[in-house]
Structures are given as structure tokens and as C-alpha cells.
């Protein structure tokens, strides 16, 4: 079943596994929660909040769904802020409130060459995408990261046509990665599909290249969210019609030409 409603339920922590950390990047964890009883579409997310947060941290935290398997709901947590640091301290048996699956999803076009572009924790939604794709031999992953490669779930991409991980620890390595990214995207400019998830500077680069190359590209935004259901207007982005829309309900996945990012030159005279 593909859930179209927003389930809100309490799930137990099955395990919290440290994956890597240090070396200039916040620590990364895999959080597995008890089976939620629903399926999802890759690109969707959930909101997660432990009840014991009380009034100290009122809002949940949005996390991309990595996958749903027999052992439970798989999520990646990078301890960047106060909320995600608290999530990384969860232990087996603790209960968290989860609502989801939320948002839209990535396009799946089985017969088209598909390029997955991931930056850091932006690899999370592609775990389930790669495993569920009807023709993984048509899918390639290009992944830029700061932690050692073994810190990420790269084993989940073994069935793809190609999976390439490039470490970027300094400006020179980052510049080389961006050049490589542009060269790779050129191969998908005509008749291919490009999907990207990662930090906003990474998405700005992908968007600019996609528009220049006229490549069909979707971007998954990692905006801050509070409610996850479109009520609080805390995660708005500007769409291609120069309108402010909620990322949680209209996204988080947008076609590159249908969204403006923070440093893009949006049209003048936009609606408030």
C-alpha cells in the first residue's frame, strides 16, 4: 500500500548505529524504528519527535525516509543542531512519535538513464530509490561526501549500473568534484533524468547546470520544517511562478525550473 494519508503513531527505537563523524563533519547515525505498517515513495519524509522533549523542543525534526524494510523504518540522522543531536542520543526501546510519510516523491522512469546526485546526508532518500527501481541497471549514483566512504550506506547501491563516491575535504577537491559533476550531467542532458538531494549550495550548482544543459532534473530541498503538514508556513520556497509554497506539501521534490533557491535571481514583483 502506498500511504496517501498522514499517519501519526508512536514507534520504538530498534537501534541507533553510529556510522561516522569528526574530520570537519557532524557525526552520522542510522536510526531504525519499529515497522510503521505503511509503505512510501522514495523522496518522501517523516517528522520525528520523542514525547519526552516536552516544551524544551516543541517541533519535530524532518528526516528523509531511507527505506522501509522488514526490520523497520530506516532513517539517517546527522547531529547538526540541537534537535538532531538529541535524536542521536536515542536508545533501543525508547518511543518516538512519527508522522508521515509526507510530501511528494522522485520521478521513476524505468527505461530512461537516471543519474542520482547526492551530497552528504542527501544520500538518504536514494537508498530506497535504488533498491526499488524496476531497472537499476539504468541508474548511476554520483556521491560527494566529507566523511570516509564507509560512513555511508554505499552497500545498498551495489545493484546499480555504477556507484561513484568522491570525497571532498578541501576547496580543491570540491572544485574537482563540481567539474566532474558537470561533465557527468552532460551525458544525461538529452533523454535522461537527473535527481539530486543535498545541502543547498550543492543543489544550486545542480540547478544551474541543469538549466544550462537543459537537463530534466529534480531537486529535493532540505528546508527547515516545523509541522510537516503545510500549516505553519515555516518551510516556504519560491516556485517557478514566483509564488511562495510550502516545501512540506508541494515538495520536498521540485523540478529544477519550478523552484528558486536562496541565491537565485527570482523574478521581480513576486507575491508575498
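In UniProt numbering, the protein residues as written are 1 to 272. Built from N, CA and C at the ideal position, the CB exists for glycine as well.
By the CB criterion at 8 Å, residue 120 and residue 198 fall inside the cutoff. Taking residue 91 as reference, the option from 227, 254, 191 and 29 with the minimal CA-CA separation is 29. Residue nearest to residue 37 within the set 114, 175, 83 and 12 is 12 (criterion: CA-CA distance). Secondary structure within the segment 193–267: the beta strand (DSSP E) runs of 3 or more consecutive residues, fully enclosed, are 193–197, 217–220, 236–239, 244–246 and 253–255 (chain order).
If you draw a straight line from the Cα of residue 87 to the Cα of residue 46, it is about 14 Å long. Straight-line measurement puts the Cα of residue 159 at about 7 Å from the Cα of residue 137.
Residue 244 counts as exposed, since fewer than 16 other beta carbons sit within 10 angstroms of its beta carbon.
Rounded to whole angstroms, the gap between the alpha carbons of residue 203 and residue 221 is 8 Å. By the C-beta criterion, the segment 111–125 is judged to be in contact with the segment 139–148, since at least 3 inter-stretch pairs fall below 8 Å. Note on geometry: alpha-carbon atoms of residue 59 and residue 190 lie some 42 Å from one another. Scanning the segment 52–114 for uninterrupted beta strand (DSSP E) segments of 3 residues or longer gives 61–69, 72–78 and 95–102, listed from N- to C-terminal end. Within the same chain, and ignoring the five residues on either side of residue 262 in sequence, the residues whose Cβ sits closer than 7 Å to its Cβ are 200. Contact holds between the segment 59–70 and the segment 90–104, because three or more Cβ pairs, one in each stretch, are under 8 Å apart. In terms of CA proximity to residue 109, 192 leads the group 192, 256, 223 and 172. Counted as a single uninterrupted DSSP element, the beta strand (DSSP E) harbouring residue 30 occupies residues 25–33.
Put simply, the backbone Cα of residue 44 is about 26 Å away from that of residue 21. With respect to residue 96, residue 50 sits close: the two C-beta atoms are nearer than 8 Å. In the three-state reduction of the DSSP assignment, residue 131 falls in the helix class. Under the three-state reduction of DSSP, residue 18 is assigned to strand. Under DSSP, the beta-bridge partners assigned to residue 7 are 100.
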